[in-house]
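So in the working numbering, spot 206 of the sequence shown is number 223, and the numbers just go up one at a time.
To keep things clear, I will list the structure first and then write my remarks on it.
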Amino acid sequence: MGKGAQRSPAHMSEAEEKTTADVLIGGYLYDVASFKHPGGSIVKFLTNNGDATEAFEEFHGRSKKAQAMLRSLPKVAAPRDVLDAREGNGRTDLTRGYARLREEFAREGRFDPNRSEIVYRVGEVVLMHVVGAYLVLATGYAAAGIILLGLASGRCGWLMHEAGHYSLTGEISVDRALQELIYGVGCGMSGAWWRNQHNKHHATPQKLQHDVDLDTLPLVAFHAKIAARARSPLVKLWLRLQCYLFIPVSCLLVALGWQLYLHPRHALRTKRKRELACMALRYVLLFGVVLRGMDHPVWAYLAYNQVAASYIFTNFSLSHTHLPVTEADEFVHWVEYAAKHTTNISPSPLCNWWMANLNFQVEHHLFPAMPQFQHKHISPRVRAFFEAHGLVYDVRPYFSCLRQTLANLHAVGHSTKDD
C-alpha cells in the first residue's frame, strides 16, 4: 500500500460510525449525518476519515448549487489532531503541489471549453451515423455500415463521458442534456445512472467495496479478491475462460444488461422521462428505419452492439483493471489514486483519436473537469510534478497494455478454486 495511505481508526466503535458522519473539506469538518447527496451514496465513501477537499473541488467546481449546499451544512473548524491525522491523507506536500499546479492550469485557461472542439466532437458522431446508415440502406455494403454504426455508438460513449463530467460545454444543464441525448440515442443508456456510478469510480479508483468498476461479477473479475467471491461452479468456469470471452462476449452481455434492464429501470424509478424518450428513440430509428429492410434485423443489431461494446469497454479496461487495488479501509490521496492506480497509453495522433484523449487517464483522474483535448498539452508538466514528488508517471504502449489486461484476466480467472 502506498506511502501516505491511511486506515480507518481501529478505536472507533460500530455505534460511533453509525452516529458520526463528517467530511473534511478545506480544513473544516462538515456534518453529513442527515445529508442526502443528490448523486447517491458517494458521500459515504469519504466520511469519518481521509480528506475530501480535492474530490469536492474536482466534482463540483462548476456547480454553484453544490457550493451552496456545502455552505448550508453544519461545520466546525477541524481540530489540530484531526488535521494531523487526516489532512491531505498523509501527503500535505502533494496537496500543496497539486493546488499550485491546478491554479497554474486554470490561469492558462486549460479548464475552458473550446467551441470548435464541441462542433468537431458532436459533428463527428452525427456524420458517422449518417454515413453508416447510408451504407446499410442504400448500398451493397451493409456489413461495413453496421461496423461504422457500431464505432459511432462507441464514439458516443466517449462523447457522453465528456459531457457527463461537464467538461464539454462547461454549462452543467447543457452538458447533462447533451449527455442524455447522446447516451440515450447513441448507446441506449442512462446518463444519470452513469454519473452516479462513474463519480464513485473517480472518487476511489481501484478501491475494494467502493469502485463500482470492480463490482463486475458474475461476468468478469479483474482482481483475485473479486474472483474469490464466486461460489457457483459455472461462474468459476466462466471466469477461467474470461480472458477469451471478455472482448467478443462479455462486453456485449454487459451492454445488453445495461440497455435492456439496468438503465431503463433506473430511468423509470427516478422518473427521468427525457432519458426514457431518448432510449426509445434509439430503437425507433434502428428498427424502424436503419435495420428495417434487413432479413435478420435482430442479428444485425447484436453485431452492431458488439462492435460498440467491445470498442468502448475494452479501451476503458486498459487504464486501471490490471493495476493494484486499495483496501476498503484505506484512504489514499487524490494524486496517489491517479499515480498508483491509473496508467496512460502512449500517445500518438491515432491513439489519441481512438481513445478520445482518454489515453491520458492520469491527467483525467487528476482533473476530471478539464476538457479532454487539453490533456496532451499538460502531460509534460504532470510528469514533472510526479517526478518531483517521487511518484511514477505510468505510460505503456497500447498493445502492451492490452496484453497485460488480458493476461490479468487469465491470471485472475485461474485464481479461483473448486469447492
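Backbone N, C-alpha and C fix where the C-beta goes; we use that ideal spot for every residue, glycine too.
Pairwise C-beta distances place the segment 183-200 in contact with the segment 287-298, as three or more of them are shorter than 8 Å.
Under the Cβ criterion (8 Å, minimum of three pairs), the segment 140-148 does not count as touching the segment 85-94. By the 16-neighbour rule on beta-carbons within 10 angstroms, Leu277 is exposed.
Counting along the chain, Ala94 sits inside the beta strand (DSSP E) bounded by residues 92-94. Within the DSSP secondary-structure output, Ile42 pairs in a beta bridge with Tyr45. Collapsing the DSSP output to three states places Arg413 in a strand. When only Cα atoms are considered, Leu367 and Gly105 end up about 38 Å apart. In the structure shown, the three-state DSSP call for Glu347 is strand. Rounded to the nearest angstrom, the gap between the Cα atoms of Thr221 and Arg124 is 28 Å. For the set Tyr328, Trp211, Leu256, Leu285, the Cα lying nearest the Cα of His427 is the one of Leu256. Sorting Lys82, Phe122, Arg88, Thr70 by C-alpha distance to the C-alpha of Arg103 places Thr70 at the top.
Short of 7 Å from the beta carbon of Arg117, and not among the five residues preceding or following it, lies no beta carbon of its own chain. Note on Phe76: 16 or more other CB atoms within 10 angstroms of its CB, so buried under the neighbour-count rule. Bridge partners of Ile362 according to DSSP: Arg413. Arg119 and Asn369 have their C-alpha atoms some 23 Å from each other. Counting along the chain, no alpha helix (DSSP H) covers Asp228, and no H or E run does either. Counting only residues of its own chain and dropping the five nearest sequence neighbours on each side, Asp228 has a CB closer than 6 Å to the CB of His218, Thr221, Pro222. If the five residues before and after Arg299 are omitted, its C-beta is found closer than 6 Å to the C-beta atoms of Val202, Gly205, all from its own chain and listed in chain order.
The beta carbons of Cys295 and Leu198 sit closer together than 8 Å. Relative to Asp68, the option among Ala50, Ala180, Gly78, Gly44 whose CA is nearest is Gly44.
Minimum Cα-Cα distance from Asn374 among the listed residues Ser249, Leu303, Lys393 corresponds to Lys393. By the Cβ rule, the segment 305-320 does not count as touching the segment 348-356, because fewer than three pairs are nearer than 8 Å. Apart from the 5 residues on each side of it in sequence, Val60 sits with its Cβ closer than 6 Å to the Cβ of Val49, His54 in its chain, given in chain order. Apart from sequence neighbours up to five positions away, the residues of its chain that approach Trp175 with a beta-carbon distance below 6 Å are Ala373, ordered along the chain. Distance from the CA atom of Ala247 to the CA atom of Pro397, rounded to whole angstroms, is 42 Å. Contact holds between the segment 153-173 and the segment 317-336, because three or more Cβ pairs, one in each stretch, are under 8 Å apart. In the three-state reduction of the DSSP assignment, Ser207 falls in the coil class.
Sequence-distant partners of Cys173 (beyond 5 residues in either direction) whose C-beta falls short of 6 Å from its own C-beta, in its chain, are Val142, Ile199, Gly203, Cys204. By the beta-carbon neighbour count (other beta carbons within 10 angstroms, threshold 16), Tyr137 is exposed.
For secondary structure counted as the alpha helix (DSSP H) over 4 or more consecutive residues, the segment 72-129 holds these complete runs in sequence order: 81-89, 97-103, 109-124. One Cα belongs to Val429, the other to Phe239, and the distance between them is close to 7 Å. Using a 10 angstroms sphere on the CB of Leu87, the tally of other CB atoms reaches 16 or more, which defines it as buried. Out of Tyr415, Gly208, Gly274, Ala159, the CA that lies nearest to the CA of Gly181 is found in Gly208. Under the 10 Å beta carbon count, Lys434 is surrounded by fewer than 16 other beta carbons and is classified as exposed. Considered as a whole, the segment 234-306 harbours 241-244, 250-257, 259-262, 268-274, 280-286, 290-302 as its complete alpha helix (DSSP H) runs of no fewer than 4 residues, in chain order.
In this structure, the CA atom of Gln391 is about 17 Å from the CA atom of Ala401.
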